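For reference, the structure discussed in these notes is given below.
Residue numbers (this note's numbering), protein chains in the order written: chain A, 44 to 523; chain B, 10 to 231.
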């Protein structure tokens with residue numbers, strides 16, 4: 044089983060109940076998701092060929108994935124030719140060991156690190172700490188998470204659940220160089236982090252980075268970012284170790300022209316992000332003189348094996364689907380218990396880690412389809428969710444466990460489909476429902492259904508059926 | 010090590026059993042029906058570039074070619090920069106003068122300055138490989154005109170000169186123009202769109218976290 048980061052597995056409904064009760068979290072998330080969502084819509088609307096770019100972005104990923112072995116071998120050859128060293132890691136343990144060995148080989152005990160979701164999956168920092176190596180997170184939000192021994196709640200703005208006063212208190216408590224009269228002005232807080240990190244950037248010999256895209260044709264690796272900490276980590280140290288999931292390869296240099304348009308507008312809602320670094324192996328006299336690229340599987344090949352679910356590997360980690368999701372907006376990232384929250388996490392996590400581990404996640408959605416509409420690489424998330432729900436039911440039937448709870452639901456869904464398909468049955472069911480619901484309705488809501496249906500209301504309230512249906516009203520008014 | 014490589018490749022091939030053996034990567038169609046060029050006239054593109062850069066919080070000025078060096082010198086004086094480093098390939102007429110307007114401005118050549126040395130320098134003056142109007146992006150390619158990556162990263166001010174003939178409309182134009190240098194000379198490329206910024210604290214935008222906190226772009230016109 045593959046653990047993809049996050050906390051110990053508890054089910055999404057349990058975790059969501061805790062999150063929903065946290066008003067600070069809900070307020071911050073509601074503000075964040077609505078703000079980014081509106082800005083994204085504006086910058087996407089000004090691109091007349093957005094749909095053509097999306098289709099190209101999807102197709103390039105399809106080309107990549109259907110021939111992933113060829114592309115990885117080509118990437119290995121071109122990175123090697125450019126002076127880099129390529130490593131292959133089957134799982135988290137192997138990835139962390141390779142990186143730990145490289146650092147230990149240089150005889151040092153601290154490294155600077157820019158944001159990498161893949162190393163969050165593999166829990167690299169914890170693994171390095173066990174070997175006495177401290178990995179300094181240098182992205183501002185990641186630093187806040189690290190100093191607070193906290194968990195990221197959003198893949199783009201991971202510390203969005205913290206407010207400025209909490210961050211000031213954290214800096215005063217954990218950064219020895221923070222001024223005693225530090226205010227909670229975000230500019231002052233950022234300046235404190237800048238000074239703290241500048242010293243580290245200048246004195247640290249090894250940098251670790253994630254990878255947004257790696258070009259098989261040329262061996263070019265890229266980091267797309269806003270703050271400049273990525274440039275610092277990939278330029279200043281003598282040794283650079285970059286870590287990528289195997290699905291991050293793209294075939295050709297030209298393909299970058301598509302993703303460098305799709306990613307910033309979908310992610311931070313900017314026409315272009317402040318800094319994009321693209322390096323090809325080693326450049327004499329400019330940047331690190333030793334470069335390692337670690338290719339990590341850690342469950343990706345499980346996803347690849349699922350013909351419908353495979354498209355989840357198209358993901359370029361923009362987070363647009365998080366910001367439009369009505370479920371994510373209310374529960375936040377922690378409830379998903381994974382490095383990847385939101386709609387993409389609801390499909391990616393169960394496929395990466397197995398249905399035993401994250402079988403409740405495909406249900407963390409209302410199937411409204413907003414995520415598919417905004418996805419810059421056209422991942423049909425609702426389609427994969429429905430497919431995975433089917434897999435969960437099938438899995439449980441063979442594996443036991445959740446069977447008793449899910450089987451009646453499976454039956455109920457099939458029955459509902461028949462009722463919805465037939466007008467006479469539908470209207471008869473509405474009449475029966477109105478009669479049956481009165482003992483259950485409290486203050487205009489149904490909060491507990493009896494018996495096998497109680498699972499449905501454990502995580503939702505139901506609105507009772509109205510006294511009169513639309514159809515009855517129409518017949519009464521129009522005699523139809 | 011080879012064990013992991015072979016095992017991962019084996020897992021991939023097993024996972025892709027549905028892909029016909031005869032299919033090659035190039036057989037998977039990639040429609041590229043998006044815009045590859047921009048037919049707007051150059052003055053309009055320059056205007057657009059200026060707008061986009063200002064939108065990111067960069068300072069933008071348009072200067073006639075004959076006044077470029079003077080404009081850099083003036084800017085250094087205005088910002089009270091004592092020491093600036095210049096990219097090695099910066100043309101003489103784009104360089105600030107150390108004996109002219111700004112009293113005591115020290116102009117340094119980049120003879121392999123270390124990051125620590127650069128940390129004690131106020132600013133960097135460079136050119137660029139191209140600039141993308143649509144996205145307000147400066148394309149730095151690590152060559153003599155753009156300078157080494159560290160030059161435009163560590164000092165607090167970056168003054169970038171852009172020849173108006175270097176302005177392109179769309180992202181694909183700039184990417185195509187880099188293809189040969191990347192493939193053959195493996196030049197390191199940095200795309201700069203405004204200054205460093207973060208919105209990590211309550212989504213409140215703070216400019217200047219790790220890169221230069223001030224970006225001045227001079228558009229040099231004939």
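All C-beta atoms, glycine included, are put in the ideal place defined by N, C-alpha and C.
Every value quoted in this text rests on a predicted model; they were computed, and no experiment measured them.
Proximity of residue i and residue j at Cβ, strictly below 8 Å
{"i": "residue 86(A)", "j": "residue 314(A)", "result": "yes"}
{"i": "residue 274(A)", "j": "residue 135(B)", "result": "no"}
{"i": "residue 95(A)", "j": "residue 120(B)", "result": "no"}
{"i": "residue 293(A)", "j": "residue 103(A)", "result": "yes"}
{"i": "residue 419(A)", "j": "residue 309(A)", "result": "yes"}
{"i": "residue 218(B)", "j": "residue 271(A)", "result": "yes"}
{"i": "residue 81(B)", "j": "residue 131(B)", "result": "no"}
{"i": "residue 178(B)", "j": "residue 49(B)", "result": "yes"}
{"i": "residue 414(A)", "j": "residue 424(A)", "result": "yes"}
{"i": "residue 383(A)", "j": "residue 392(A)", "result": "yes"}
{"i": "residue 227(B)", "j": "residue 154(B)", "result": "no"}
{"i": "residue 365(A)", "j": "residue 149(A)", "result": "no"}
{"i": "residue 317(A)", "j": "residue 269(A)", "result": "yes"}
{"i": "residue 64(A)", "j": "residue 215(B)", "result": "no"}
{"i": "residue 355(A)", "j": "residue 422(A)", "result": "yes"}
{"i": "residue 180(B)", "j": "residue 141(B)", "result": "yes"}
{"i": "residue 345(A)", "j": "residue 395(A)", "result": "yes"}
{"i": "residue 135(A)", "j": "residue 341(A)", "result": "yes"}
Local conformation of residue i per DSSP, three classes
{"i": "residue 270(A)", "result": "coil"}
{"i": "residue 26(B)", "result": "coil"}
{"i": "residue 40(B)", "result": "coil"}
{"i": "residue 169(B)", "result": "strand"}
{"i": "residue 333(A)", "result": "strand"}
{"i": "residue 194(B)", "result": "helix"}
{"i": "residue 180(A)", "result": "strand"}
{"i": "residue 351(A)", "result": "coil"}
{"i": "residue 53(B)", "result": "helix"}
{"i": "residue 17(B)", "result": "helix"}
{"i": "residue 126(B)", "result": "helix"}
{"i": "residue 281(A)", "result": "coil"}
{"i": "residue 146(B)", "result": "strand"}
{"i": "residue 291(A)", "result": "helix"}
{"i": "residue 114(B)", "result": "coil"}
{"i": "residue 203(A)", "result": "coil"}
{"i": "residue 91(B)", "result": "coil"}
{"i": "residue 344(A)", "result": "helix"}
{"i": "residue 73(B)", "result": "strand"}
{"i": "residue 219(B)", "result": "coil"}
{"i": "residue 489(A)", "result": "strand"}
{"i": "residue 359(A)", "result": "coil"}
{"i": "residue 506(A)", "result": "coil"}
{"i": "residue 60(A)", "result": "helix"}
{"i": "residue 79(B)", "result": "helix"}
{"i": "residue 211(B)", "result": "coil"}
Assumed close pair residue i, residue j - CB separation to whole angstroms, cut-off 8 Å
{"i": "residue 337(A)", "j": "residue 247(A)", "result": "At roughly 19 Å, the Cβ-Cβ gap does not stay under 8 Å, so residue 337(A) and residue 247(A) are not in contact."}
{"i": "residue 297(A)", "j": "residue 184(B)", "result": "7 Å"}
{"i": "residue 99(B)", "j": "residue 107(B)", "result": "Actually they are not in contact, since the Cβ atoms of residue 99(B) and residue 107(B) sit about 14 Å apart, beyond 8 Å."}
{"i": "residue 111(A)", "j": "residue 347(A)", "result": "7 Å"}
{"i": "residue 203(B)", "j": "residue 62(B)", "result": "7 Å"}
{"i": "residue 145(B)", "j": "residue 105(B)", "result": "Incorrect: roughly 24 Å between the Cβ atoms, too far for contact."}
{"i": "residue 301(A)", "j": "residue 100(A)", "result": "5 Å"}
{"i": "residue 330(A)", "j": "residue 158(B)", "result": "6 Å"}
{"i": "residue 211(B)", "j": "residue 206(A)", "result": "6 Å"}
{"i": "residue 183(A)", "j": "residue 150(B)", "result": "Contact flag wrong, Cβ pair sits at about 28 Å."}
task: Check each residue of the segment 117-142 of chain B: if its Cβ is closer than 7 Å to any Cβ of chain A, include it; give the result in chain order.
output: Those residues of the segment 117-142 of chain B that come within reach of chain A (Cβ to Cβ, closer than 7 Å) are 121, 124, 125, 128.
- request: Taking only beta carbons into account, state which residues of the segment 329-348 of chain A come closer than 7 Å to chain B, listed in chain order.
  value: Residues 329, 330, 340, 344, 347, 348.
message: Output needed in chain order: residues of the segment 22-49 of chain B with a Cβ under 9 Å from some Cβ in chain A.
response: With the criterion set as a beta carbon lying under 9 Å from some beta carbon of chain A, the members of the segment 22-49 of chain B are 22, 23, 24, 25, 26, 27, 28, 32, 33, 34, 35, 36, 37, 38, 39, 40, 41, 42, 43, 44, 45, in sequence order.
message: Runs of 4 residues minimum, wholly inside the segment 410-445 of chain A: which ones carry the alpha helix (DSSP H) assignment?
response: Complete alpha helix (DSSP H) runs here, min 4: 413-417, 424-442.
message: If the cut-off is 7 Å on Cβ atoms, which residues from the segment 75-86 of chain A count as contacting chain B, listed in chain order?
response: For the segment 75-86 of chain A, residues whose beta-carbon sits nearer than 7 Å to a beta-carbon of chain B comprise 75, 78.
message: So within the segment 71-149 of chain A, which uninterrupted alpha helix (DSSP H) runs reach at least 4 residues, ignoring any that extend past its ends?
response: 93-109, 111-124, 135-148, all fully within the segment 71-149 of chain A.
- prompt: Going along the chain, which unbroken runs of the alpha helix (DSSP H) with 4 or more residues stay wholly within the segment 362-413 of chain A?
  reply: Annotation: the segment 362-413 of chain A contains the following complete segments of the alpha helix (DSSP H) (minimum length 4 residues), in chain order: 363-367, 369-374, 385-396, 398-401.
message: To test your reading of the DSSP string, which unbroken beta strand (DSSP E) runs of 3 or more residues are found completely within the segment 217-262 of chain A?
response: You should have 249-252, 256-258.
query: What are the residues of the segment 381-407 of chain A that lie near chain B, defined by any Cβ-Cβ distance shorter than 8 Å?
result: Result list empty, no residue passes.
- request: Could you name the residues of the segment 236-261 of chain A whose beta carbon sits closer than 8 Å to any beta carbon of chain B, in the order they occur along the chain?
  value: Within the segment 236-261 of chain A, 236, 237, 240, 241, 244, 245, 260, 261 place their CB atoms closer than 8 Å to a CB of chain B, listed in sequence order.
query: Listed from N- to C-terminal order along the chain, which residues in the segment 349-366 of chain A have their beta-carbon within a distance smaller than 9 Å of any beta-carbon of chain B?
result: Going along the segment 349-366 of chain A in chain order, one finds 349, 350, 353 with a Cβ nearer than 9 Å to chain B.
task: Can you give me, in chain order, the residues of the segment 196-219 of chain B that have a beta carbon less than 9 Å from any beta carbon in chain A?
output: Cβ contacts with chain A come from 196, 197, 198, 199, 200, 201, 202, 203, 204, 205, 206, 207, 208, 209, 210, 211, 212, 213, 214, 215, 216, 217, 218, 219.
task: Report the residues of the segment 89-104 of chain B with a CB closer than 8 Å to any CB of chain A, ordered along the chain.
output: Listed by position, the residues of the segment 89-104 of chain B near chain A (Cβ gap below 8 Å) amount to none.
- request: Note down, in chain order, all residues in the segment 214-237 of chain A with a beta-carbon under 8 Å from any beta-carbon belonging to chain B.
  value: Going along the segment 214-237 of chain A in chain order, one finds 229, 230, 232, 233, 236, 237 with a Cβ nearer than 8 Å to chain B.
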